[in-house]
Amino acid sequence: MNIVIRGLPRPLYLYLVLLLYIHRIVADTLYSVIINSPSTDAAVVIDGQVYVLSPSGKSSIIFQAKAPSEKPYYYAKLKKGTKEIVERERFVRFPTARAWTFNEFYNRNWNAKKVLNFETVEGIAKSHNRRDDRDLHISGQIPTIHIQADPASLISMHKQYLDDVTVIANVTHISATKVKHFMNVEFGISGRTSRYFNKFPYKIKIPKEDYSLSGFRHFKLRSVANDPSYMREYITANMLHAVNQPTTRASYVRLFMNEQPIGLYLLVEKYDSTWLANEFDSKRNGQYKNGITYEGHGGRTEHNRADFSFKGDDPRVFEESSFEIAEGPKDGKKDFGELVEFTRFIRDQHYLQRSTNSVAKARARYEWEKRLDVEGFLTNMAMEFLLGFADGYTENTNNFYLYKDPERGKFVYIPWDYDYTLGNGPFDMDAMLVGDYMKFGRMSSLPLTSAILQVPEYRQLLEHHIDLIARNLLNTTTLFPIIDSIAEFIYDDVLWDQKLPRIGKGPSYIAGGLHAFLEGKIDQDASLPFCTSFSVAADFLIRVNHHVDFRLAIEGHTGYKSLLGVKEWFKRKLTNYYNRVDYMPGVLRQLIHI
Numbered sequence: 231m232n233i234v235i236r237g238l239p240r241p242l243y244l245y246l247v248l249l250l251y252i253h254r255i256v257a258d259t260l261y262s263v264i265i266n267s268p269s270t271d272a273a274v275v276i277d278g279q280v281y282v283l284s285p286s287g288k289s290s291i292i293f294q295a296k297a298p299s300e301k302p303y304y305y306a307k308l309k310k311g312t313k314e315i316v317e318r319e320r321f322v323r324f325p326t327a328r329a330w331t332f333n334e335f336y337n338r339n340w341n342a343k344k345v346l347n348f349e350t351v352e353g354i355a356k357s358h359n360r361r362d363d364r365d366l367h368i369s370g371q372i373p374t375i376h377i378q379a380d381p382a383s384l385i386s387m388h389k390q391y392l393d394d395v396t397v398i399a400n401v402t403h404i405s406a407t408k409v410k411h412f413m414n415v416e417f418g419i420s421g422r423t424s425r426y427f428n429k430f431p432y433k434i435k436i437p438k439e440d441y442s443l444s445g446f447r448h449f450k451l452r453s454v455a456n457d458p459s460y461m462r463e464y465i466t467a468n469m470l471h472a473v474n475q476p477t478t479r480a481s482y483v484r485l486f487m488n489e490q491p492i493g494l495y496l497l498v499e500k501y502d503s504t505w506l507a508n509e510f511d512s513k514r515n516g517q518y519k520n521g522i523t524y525e526g527h528g529g530r531t532e533h534n535r536a537d538f539s540f541k542g543d544d545p546r547v548f549e550e551s552s553f554e555i556a557e558g559p560k561d562g563k564k565d566f567g568e569l570v571e572f573t574r575f576i577r578d579q580h581y582l583q584r585s586t587n588s589v590a591k592a593r594a595r596y597e598w599e600k601r602l603d604v605e606g607f608l609t610n611m612a613m614e615f616l617l618g619f620a621d622g623y624t625e626n627t628n629n630f631y632l633y634k635d636p637e638r639g640k641f642v643y644i645p646w647d648y649d650y651t652l653g654n655g656p657f658d659m660d661a662m663l664v665g666d667y668m669k670f671g672r673m674s675s676l677p678l679t680s681a682i683l684q685v686p687e688y689r690q691l692l693e694h695h696i697d698l699i700a701r702n703l704l705n706t707t708t709l710f711p712i713i714d715s716i717a718e719f720i721y722d723d724v725l726w727d728q729k730l731p732r733i734g735k736g737p738s739y740i741a742g743g744l745h746a747f748l749e750g751k752i753d754q755d756a757s758l759p760f761c762t763s764f765s766v767a768a769d770f771l772i773r774v775n776h777h778v779d780f781r782l783a784i785e786g787h788t789g790y791k792s793l794l795g796v797k798e799w800f801k802r803k804l805t806n807y808y809n810r811v812d813y814m815p816g817v818l819r820q821l822i823h824i
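Note that our numbering numbers the sequence shown so that position 465 is 695, with each residue one more than the last.
Following this line, the structure appears as structure tokens:
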């Protein structure tokens, strides 16, 4: 380009030429789109001009190219080796004057949205010191996780989906503004019965020597395969956070595996030593020494249930129970000694409350507080009751951790796995919707809850917290706009997920369960929750193999006994709670649990 401006001094002339040159450079924007279509090329189209995109060095599903700025544009797929458009986005994107775009997702007309969340409930003590997690759970965004591994290894892993097969992979986490790459990551299928679904759940473990996401290294990718609302676990995890309980946060991600889109998943944190330090270490100096962590896994018999019953003085007896040591302590023994002492104390408290020893009874609260974060435990029991945890402690002595906090010298209860909540699953929904907390599950008979609730002040504390949570978190005036906000946030990705082919074959849950039975791989600790209904279980198996409309799964009246709408659950539970609606189990339910 030759520019001649007569009559100008040479320095000024050179300065203007430089400005024009810089403008031409800045006028180009680096366009970036996440797109997966191995059979086509990709392009950005501006003013009818097709600019072919190339795969980025950051990830094979990120395509980039420099093209003119400040003009409307859209992304398109091209016939291989040509500029012929075979598919384009349904909309035109607004012009940008920046030097780069966000990492935009093909056919999404947004990169970030405002999503309403739950306000912290005042009046409930906080027992943990969680580190900042803004790079992991990014508000208003749905990042993409790209798994790259040997195709043959991935095929083998999926064929052996009942076994714990690990594949070494490279993992890329792509948010709107950042791309983080992790090498030599352990990747595999996770879950117990959740792996029976055609949409598999997965686990990711980043090596210690590698970088992390907000300091976290071990994650679960929850498939939400049994929940057509896609939001029960998300809501439950964030509600638990709002009542100041130590627990995983949850956020949505899009998952790709090599060149294949897998679907919309929920990213949660796995509890390990890194997580314990991130959740409880108040000093943040890298020197945290975690205590022992026990995990409760249900149990098939009263003898081996993870119910906190005293099983004897020999710690080895617990090795045959449904408790396991999930994480050993940095200092001290990795055995069941601490659990033996705690369950002995629980047993003794039962005897004490029935005695006439008024002095010992008066000391009961002091003794409990030395051993357990009682308020935290009772807050979790309030949440189990209000949110209908069908697979937690009160219904199934399952899906919880008991952590010995070394800084306070007491146990902390940590919940886990929230898919069977808010009216979802093969359960008697009337039993789950009961309005009297003492009639919920085995609240009144399990060793730990019954012992604590014999102390009048603790019963009053539980009742106070149930009412506090019901009035704040479950108030439909503020709750339903949050649910609507979540629904609008994930709607496009729900439709995308529902159209994708699944890796698993055969009818969901039925084929996997039969396969596990024939191979003798049924989890020996798997147990039926107290609220299980065989007739509703049949309805559940039918339902998970049929399409349920997303909006119907949220609003209610789905036509299935095994699924209430999310809003429907809250409306009915609140009504029953305020009216203290009782529940009398039917004959069949009594026979099941004789």
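Backbone N, C-alpha and C define an ideal beta-carbon position, used for all residues, glycine too.
- Leu663 carries a coil assignment under DSSP once its states are collapsed to helix, strand and coil.
- Rounded to whole angstroms, Trp799 and Phe348 show a C-alpha spacing of 18 Å.
- Phe293 is bridged by DSSP to Val263 and Pro285.
- Three or more Cβ pairs closer than 8 Å define a contact, and the segment 273-280 meets that threshold against the segment 296-316.
- Within the DSSP bridge table, the entry for Met673 names no partner.
- In the three-state reduction of the DSSP assignment, Met461 falls in the coil class.
- Within the model, the alpha-carbon separation for Tyr524 versus Glu554 is close to 6 Å.
- Along the length of the segment 342-409, whole beta strand (DSSP E) runs at least 3 residues long occupy 374-378 and 396-404, reported in chain order.
- Excluding sequence positions up to five before and after Leu683, its CB lies within less than 6 Å of the CB of Arg689, all in the same chain and listed in chain order.
- Taking a contact to require three or more Cβ pairs closer than 8 Å, the segment 455-467 and the segment 386-395 do not qualify as touching.
- Between Asp561 and Lys600, the C-beta gap is not smaller than 8 Å, which leaves the two residues out of contact.
- DSSP places Phe553 inside the beta strand (DSSP E), whose first and last residues are Phe553 to Glu557.
- In the DSSP annotation of this structure, the continuous segment of the alpha helix (DSSP H) that includes Ser503 starts and ends at Ser503 to Phe510.
- Taking C-alpha positions only, Gly528 is separated from Phe575 by approximately 21 Å.
- Counted as a single uninterrupted DSSP element, the beta strand (DSSP E) harbouring Pro645 occupies residues Lys640 to Pro645.
- Inter-segment contact for the segment 327-339 and the segment 256-264 is present: three or more beta-carbon pairs are separated by less than 8 Å.
- Per DSSP, Asn806 is one residue of the alpha helix (DSSP H) stretching across Val796 to Tyr808.
- A check of alpha carbon separations from Ile354 across Phe293, Leu691 and Ile419 identifies Leu691 as the nearest.
- Residue pairing for His527: DSSP places it in a beta bridge opposite Asn628.
- Here Val483 is bridged, per DSSP, to Tyr495.
- Per DSSP, Leu683 is not a residue of any alpha helix (DSSP H), being assigned neither H nor E.
- One Cα belongs to Pro645, the other to Leu608, and the distance between them is close to 12 Å.
- By alpha-carbon distance to His777, the top candidate from Pro458, Thr350 and Val415 is Pro458.
- By the Cβ-count criterion, Phe293 is buried, with 16 or more other Cβ atoms from all chains shown falling within 10 Å of its own Cβ.
- Counting only residues of its own chain and dropping the five nearest sequence neighbours on each side, Asp362 has a CB closer than 7 Å to the CB of Ser444.
- Secondary structure at Trp340: coil, using DSSP grouped into helix, strand and coil.
- Spatial neighbours of Tyr650 in its own chain (CB-CB distance under 6 Å, excluding positions within 5 residues in sequence) are listed in chain order as Ala620 and Asp621.
- Classified as exposed, Gly278 has fewer than 16 neighbouring CB atoms from the shown chains inside 10 Å of its CB.
- Checking the DSSP bridge columns, you'll see Asp722 has no partner listed.
- Note that the C-beta distance between Val796 and Ile713 is below 8 Å.
- In this structure, the alpha-carbon of Thr312 lies about 11 Å from that of Tyr281.
- Thr762 is the residue among Asp578, Thr762 and Ile492 whose C-alpha sits nearest the C-alpha of Asn626.
- Taking C-beta separations shorter than 6 Å and ignoring five residues to either side along the sequence, the partners of Leu663 in its chain run Arg802, Lys803 and Asn806, following chain order.
- For Lys729, the secondary structure class from DSSP, reduced to helix, strand or coil, is helix.
- Taking the Cα positions, Val345 is about 15 Å away from Pro373.
- A distance below 6 Å between beta-carbons, with the five flanking residues on each side excluded, links Asn428 to the following residues of its chain, in chain order: Arg732, Gly734 and Ser738.
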